[in-house]
Each structure stands twice: as C-alpha cells, then as structure tokens.
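Sequential numbering of the sequence shown, starting at 1, is according to full-length UniProt numbering. Step one of this worksheet: look at the structure below.
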Amino acid sequence: MIILQVNGLTKSFSGTDILTNVKLEVQHRDRVALVGRNGAGKSTLLKIIAGEMTADTGDLIVPKGVRIGYLEQHSGINSTLTVWEEMMTVFKSLHLMERRLRSLEGQMADPTVYEDPVDYERVMKEYDLLQIEFKDSGGYQYESDTRSVLHGMRFYPEDYDKNVNLLSGGQKTRLALAKMLLSKPDLLILDEPTNHLDIETLGWLEKYLVSYEGAILIVSHDRYFLDEIVTIVYEVSRRKVMKYTGNYSAYLDEKAKNYERDQKLFERDVSEKAKLEDFIQKNIARASTSKMAKSRRKLLERTDWMESPDGDEKSAKFTFTIDRPSGNDVLALDEVAVGYEEIPVSSGLDMHVYKQDRIAIIGPNGVGKSTLLKTIIKKQEPLSGKIRYGTNVQFGYYDQEQATLIGNGTVLQELWDDWPMMNEKDIRNVLGRFLFTGEDVEKNVTSLSGGEKARLSLAKLMLKKSNTLILDEPTNHLDLDSKEVLENALDDFPGTILFVSHDRYFINRIATKVIDISASGAAEYLGDYDYFLEKKLEQKELLAESGTIQQTTTSSNEKKNEDNKELKRQERRLTRAIAEIETQLSTYETEMTALQQELVNPEFADDHIKLMELQAQIDAIQAEHDTKSEDWLSLQEELEVLN
Numbered sequence: 001m002i003i004l005q006v007n008g009l010t011k012s013f014s015g016t017d018i019l020t021n022v023k024l025e026v027q028h029r030d031r032v033a034l035v036g037r038n039g040a041g042k043s044t045l046l047k048i049i050a051g052e053m054t055a056d057t058g059d060l061i062v063p064k065g066v067r068i069g070y071l072e073q074h075s076g077i078n079s080t081l082t083v084w085e086e087m088m089t090v091f092k093s094l095h096l097m098e099r100r101l102r103s104l105e106g107q108m109a110d111p112t113v114y115e116d117p118v119d120y121e122r123v124m125k126e127y128d129l130l131q132i133e134f135k136d137s138g139g140y141q142y143e144s145d146t147r148s149v150l151h152g153m154r155f156y157p158e159d160y161d162k163n164v165n166l167l168s169g170g171q172k173t174r175l176a177l178a179k180m181l182l183s184k185p186d187l188l189i190l191d192e193p194t195n196h197l198d199i200e201t202l203g204w205l206e207k208y209l210v211s212y213e214g215a216i217l218i219v220s221h222d223r224y225f226l227d228e229i230v231t232i233v234y235e236v237s238r239r240k241v242m243k244y245t246g247n248y249s250a251y252l253d254e255k256a257k258n259y260e261r262d263q264k265l266f267e268r269d270v271s272e273k274a275k276l277e278d279f280i281q282k283n284i285a286r287a288s289t290s291k292m293a294k295s296r297r298k299l300l301e302r303t304d305w306m307e308s309p310d311g312d313e314k315s316a317k318f319t320f321t322i323d324r325p326s327g328n329d330v331l332a333l334d335e336v337a338v339g340y341e342e343i344p345v346s347s348g349l350d351m352h353v354y355k356q357d358r359i360a361i362i363g364p365n366g367v368g369k370s371t372l373l374k375t376i377i378k379k380q381e382p383l384s385g386k387i388r389y390g391t392n393v394q395f396g397y398y399d400q401e402q403a404t405l406i407g408n409g410t411v412l413q414e415l416w417d418d419w420p421m422m423n424e425k426d427i428r429n430v431l432g433r434f435l436f437t438g439e440d441v442e443k444n445v446t447s448l449s450g451g452e453k454a455r456l457s458l459a460k461l462m463l464k465k466s467n468t469l470i471l472d473e474p475t476n477h478l479d480l481d482s483k484e485v486l487e488n489a490l491d492d493f494p495g496t497i498l499f500v501s502h503d504r505y506f507i508n509r510i511a512t513k514v515i516d517i518s519a520s521g522a523a524e525y526l527g528d529y530d531y532f533l534e535k536k537l538e539q540k541e542l543l544a545e546s547g548t549i550q551q552t553t554t555s556s557n558e559k560k561n562e563d564n565k566e567l568k569r570q571e572r573r574l575t576r577a578i579a580e581i582e583t584q585l586s587t588y589e590t591e592m593t594a595l596q597q598e599l600v601n602p603e604f605a606d607d608h609i610k611l612m613e614l615q616a617q618i619d620a621i622q623a624e625h626d627t628k629s630e631d632w633l634s635l636q637e638e639l640e641v642l643n
C-alpha cells in the first residue's frame, strides 16, 4: 500500500531552484533515508511532505486517513505540564473512550436499565463495540508503552513529575522524540533524530524503529544508524532526487559504480563534442564544406550533452599538520574528578595517553565527557585528583558548540584576527579549502549555519598545527561528505587524538582505544567501537554464567557479589510474580468474555434476575482485573528500576 507519492515536485527560493521534478514514493513499512550534502534540500523536501511548506509545482498524494508525524531538527517541547502529563496528551482519545466505558459500566450496574430492553440492548452493544475498539487501540497497554519509550529515551520514574520547561535543551529534544514515537503515525518523518542521543539510546532507538509498524522517512548523517534501519535511499543532489535500493553502504557501492559508468559516458561525450567543434571550426568557412559544417553545428546545438558526474559539488580539502612532535607521554590522569561548583559528575578517572594514540571517550549523556575534555585543556580545574602533562604537548581544541568562534565579524576576519601576519590571499586560500569562496568569506560569522561554523572551526584548528587534537563531537553538523574528508585528514594526522563522539562509524574509523567513562570511573578497551561491543558482550555472557555482576570500581568484591546475588533474587521474585499476575489476568479476561456472551444470550433477554447476576459477576471480575493490573504495573516499575 502506497502511503506517500511525490510527483514532479519543484521548489525554488528567490529565483534559485532547490528541487526540480522530484519523484518519491513510500509504501507501508518502508524504511527510507534522504541523504545529501548540507543545503541540498533534504529538510525542505521533508517540510513540504509534512505540509509545513508548499511546493511551487507538482503533486503530493497522501491517501485519506494516513497520519503523518514530523519531528524536525532541533525541535523540543515547551510545556507547563510534567513529563508524564505531557506524554499522556498523546492518548486523549483513549482517555475519552475509557471514561465512556466507565460510564456505560455504571449504566449497566443500574437495575433500571433492564426495564427497557431497547435501552439495555443499546447500552450493551455500545459497550461491546467500544471495548473492542479500546483494546485494539492499545487501551490496556498505553501506560506500559509510555514507560517503555520514556525508559528508552533515558527518562526514569523519578523524572515523571518534573516540569517539562525545567528540562535541558537536549532532554526536551529527546522528550519530543518520545512523544512522536508514542503517537505512532502511519508515516514517521524524522529530521536528524540522533542529535542529543548517547550511544546506548541510539541502540535502543534503532531496535524500536526496526520493529515500528508504520513507514519511516529519515534524514540522518549517522551512517551506522542508517545501515541498521533503512532499506531504501533517496539521494538529493543537484536539485534532483535519485533512488537506490538497500541500506547506506549498499547505496555507496551502487553510487560508486554509477559514477564510473557516468564518467566514461561523460568522457565519450566530451570527445565527440570536441570532434564536432573542431570539424565546424575548420570547415565552416570553406564553400565546399560549409553546408556540412552548418549541419554539424545544428547537431551540436540540438544534442543534450551529458553533464560532468562531479557537477558543481565540491568537497573540502584539508590536512592536519604539526609544528613539532610531543614527547611519548602526552598526559596522565590519576583519580581525577570533574564537575561544576564542587559537584562531581564523574570521579575516579584514571587514564594514560601516549603519542599517536587515537582515543574515543564514550559514555551516557551527563556523565561529564565534554567536561573532562575542558578540564584536560585547562579551561576548568579538576575537582580532585591530578593531571600530568608530557613535554612539548600543544593542544588544539574543537568545541561542539563552536565557542572557539569568538568574533562578530566576517568569516575572513575570524581567521585574520587570529593570524594577522598572514596575507589576505593565503587566508582566502585556506578558507577555499573549507568551501568558503567568493562572497562566502564576507558572511557574518553569527549568520552561518551549523555546518558552516563547523568547517570554519576546523579551518582554525588546522592553522594551529597542534600535536594533540582534543575534539568534542567533531562530526556534529557535518554532512556525510564532510565527515569523510575529516576522517581522511585525521587518518593522516601524525599526532595524538582524544575525542568524544556518538558517531559509531567515526569511532570505528578513527579510534585505536575506547575509554568508557561512568560516574565512578573509566574502563579502557584496546580497539575500535566494534571491539568495545564484543568485549562488553563477552563480559555480559561471563556475568550471566557466573550469576554475579562484577564492577571495576569496587572496594570490596565480596560485598558487591552478595549485593548482586540479592539483586538477582529480587529480579527472579519480581519476574515470577509478574508471570503469575499475567496468567491471572488472562484467566479473568477469558471469564469475562464468557460471561459477556451469556449476557447477550437471547434466552436470558427477559430474565432480569439472571442478567443482574451475570453483570454482578462481570463487575467483580473487572474489579479484580483492575487491581491485578495496577499490581502488574507496580511490579514492572520495580523491575525496571532494578535493571
């Protein structure tokens, strides 16, 4: 079933075409990615599909009844409600149905309803139909679904009563994503949904989206994420859209093959065109060959010559060099605690960094990864512990918030102010390597997009020629092409790299070590991200076999083993109790179904006493069912907190 069709769509701004004759189709349960460079028109196309922007020409066909949910980039929730109340606004229709069901149950409990058979029949019929609709719409599980999604987005029971407006920007973005997932539209449109998500949350979101019942249309620069989810890729490039079947890696392979084919065809066209132009030039003036030359000139003008497959799209070109190498020991952390205002967010951090290390720092949001980097480069003091620095260590720092861009002037001035001895030509050449050409260098820094600011920050980092790069989320705001250029530059860098990133593909490409930090310490893994995952899995399997959970930052292993055994016992107790309640709930539902069938049996239509007895039994079972359901939810909450 086709749930979205785009035919011949065109959009321009200020006379400049952004999208031309776009064709796109999404069917039920499709997983579709829109990829392309920053500024290619991906977000514009999503806004048109979501109805937030109109196209100049073309058709947008959405079947009647299809619900579209759109979560744009950097969106968040502003609300005076609590987290739980805000999530419950998604289920207004279920709340209305639930109130109506309670009202009908009250009418059925009233003996006077049986005095009028027509009225009784109406009440029973409405109740049966509404109960079926309520169940099919998820009425008996929406609270459980809400807890599950909130947990996946790292909101726990203690967060439910927090006011939404008091949350951080990142938390509001995650809450907006949670709300969109709970609304379960037929077509879920997500523009950069992986922003503000740590690696653990990304993994949960991937699993959720893979099993999502509707169709998904995603814009993302996270290659790992796209490979896990999508099965169709539409590339937005040079105002056109081209379809590829498969995930992102399959798209890259197919695109490379197409490029080789198109390059050969283009070279053939160039050769044929040159021959025609040469013939025309040599023969147009001769009387004997002029007619033939004019005929060739018409052919030259009529022919739709192929454009270069490279088009007008350019890639940044840069490398990182160093002034002088550092010593072999770059830095060491001994029992360091980091945080703000004497409140640590992470402590007990031990780390050794050696020359030419490529270290990825990972961990959940809020654990202090960025704070650690700022502490290392002396932007703030450690709360406790000691940091020792090696000889000739020169730090080059990339801030994910682009706080290193301190000027209010133009792009050109931003670099010139820091390197006043460079002449203008050299400054312009450097900016050109980062795709700032012509009038771009006169743009005000404050008006730049996130991607442009990222490229300007990288230009300043390149000019510093530091031997130790400290990078905080360097791939944020970069499109996939720019990410690849950055990866190549870092691959060739002769110094040391210490970076924080949630981009798992980037970590795999760059890192030779992974340091997983928590509130109470750090664990080092001598490999890339895939190696880290393998080791974590091995640890879980060993823990499962031994039945104990070992923690690296322990002062008493025996005590923790006892604690973990107790946790396991509690978990088994809760699991058994939940299973018993689920069996009871199933029995209650079977009994109520049988009694409801008796209730509508024509043989009892005039037997009001029998009907009242049946209804009384149903009410009693329903009360037991409701009590057990509340017990089930409480036990589930206990189990979630325990885990």
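Glycine is no exception: its CB is placed at the ideal position from the N, C-alpha and C atoms.
Considering residue i, what are the terminal residues of the alpha helix (DSSP H) in which it resides?
{"i": "SER518", "result": "Looking at the DSSP string, SER518 is not in any alpha helix (DSSP H); the run it does join, the beta strand (DSSP E), is 513-518."}
{"i": "ILE48", "result": "42-49"}
{"i": "LEU188", "result": "Counting along the chain, LEU188 falls outside any alpha helix (DSSP H), though it belongs to the beta strand (DSSP E) covering 187-191."}
{"i": "LYS542", "result": "Looking at the sequence provided, one finds Leu at residue 542 rather than Lys. LEU542 -> alpha helix (DSSP H) spans 529-546."}
{"i": "SER137", "result": "Taken as a continuous stretch (DSSP letters only), SER137 belongs to no alpha helix (DSSP H), as it is neither H nor E."}
{"i": "SER93", "result": "92-109"}
{"i": "GLU524", "result": "No alpha helix (DSSP H) holds GLU524; the beta strand (DSSP E) holding it covers 521-525."}
{"i": "ALA293", "result": "290-302"}
{"i": "ARG223", "result": "223-229"}
{"i": "TRP416", "result": "411-418"}
Here's the rule: buried if 16 or more other CB atoms are within 10 angstroms of the residue's CB, otherwise exposed. What is residue i?
{"i": "THR468", "result": "buried"}
{"i": "SER416", "result": "Note that residue 416 corresponds to Trp in the displayed sequence, not to Ser. TRP416 is buried by the Cβ-count criterion."}
{"i": "THR554", "result": "In this prediction, THR554 has a pLDDT of 49, which is less than 50 and means its spatial position is unreliable; what the coordinates show is noted afterwards. Counting Cβ neighbours within 10 Å, THR554 comes out exposed, since fewer than 16 surround it."}
{"i": "ASN408", "result": "exposed"}
{"i": "ILE343", "result": "exposed"}
{"i": "residue 714", "result": "Absent from the model: residue 714. The displayed extent of the chain is 1 to 643, so no value can be given."}
{"i": "TYR397", "result": "buried"}
{"i": "LYS42", "result": "buried"}
{"i": "ARG147", "result": "buried"}
{"i": "ALA522", "result": "buried"}
{"i": "SER634", "result": "exposed"}
{"i": "PRO382", "result": "buried"}
{"i": "GLY65", "result": "exposed"}
{"i": "PRO602", "result": "exposed"}
{"i": "ALA594", "result": "exposed"}
When DSSP builds the beta bridges, which residues end up paired with residue i?
{"i": "ALA620", "result": "BP columns for ALA620 are empty, so no partner."}
{"i": "PHE395", "result": "THR468"}
{"i": "THR16", "result": "PHE13"}
{"i": "ARG358", "result": "ILE497"}
{"i": "TYR156", "result": "TYR156 is not bridged to any residue."}
{"i": "ALA337", "result": "SER384"}
Under three-state DSSP, which class holds residue i?
{"i": "PRO344", "result": "strand"}
{"i": "ARG29", "result": "coil"}
{"i": "GLY8", "result": "strand"}
{"i": "GLU381", "result": "coil"}
{"i": "SER249", "result": "helix"}
{"i": "THR553", "result": "Low confidence applies to THR553: its pLDDT is 48, below 50, so where it sits in the model is not reliable enough to give any reading."}
{"i": "VAL600", "result": "coil"}
{"i": "VAL641", "result": "helix"}
{"i": "THR627", "result": "helix"}
{"i": "ASP350", "result": "strand"}
{"i": "ASN423", "result": "coil"}
{"i": "ASN21", "result": "strand"}
{"i": "GLU401", "result": "coil"}
{"i": "ILE322", "result": "coil"}
{"i": "LYS243", "result": "strand"}
{"i": "TYR127", "result": "helix"}
Please list the terminal residues of the continuous beta strand (DSSP E) segment that includes residue i.
{"i": "GLY327", "result": "Per DSSP, GLY327 belongs to no beta strand (DSSP E) and is neither H nor E."}
{"i": "ASP59", "result": "57-61"}
{"i": "residue 648", "result": "Here the chain comprises residues numbered 1 to 643, so residue 648 is not present and cannot be evaluated."}
{"i": "VAL219", "result": "215-219"}
{"i": "ILE68", "result": "68-71"}
Any heavy atom of the ligand GDP closer than 7 Å to the beta-carbon of residue i?
{"i": "LEU190", "result": "As far as ligands go, the structure on display features none, and thus does not contain the ligand GDP."}
Assuming residue i and residue j are in contact, meaning their beta carbons sit under 8 Å apart, how far apart are those beta carbons, in whole angstroms?
{"i": "GLU524", "j": "ILE510", "result": "The Cβ separation is near 16 Å, so there is no contact."}
{"i": "THR404", "j": "LYS460", "result": "6 Å"}
{"i": "TYR529", "j": "ILE497", "result": "In fact, because the Cβ distance is near 15 Å, the residues do not count as touching under 8 Å."}
{"i": "PHE279", "j": "ALA489", "result": "Incorrect: roughly 46 Å between the Cβ atoms, too far for contact."}
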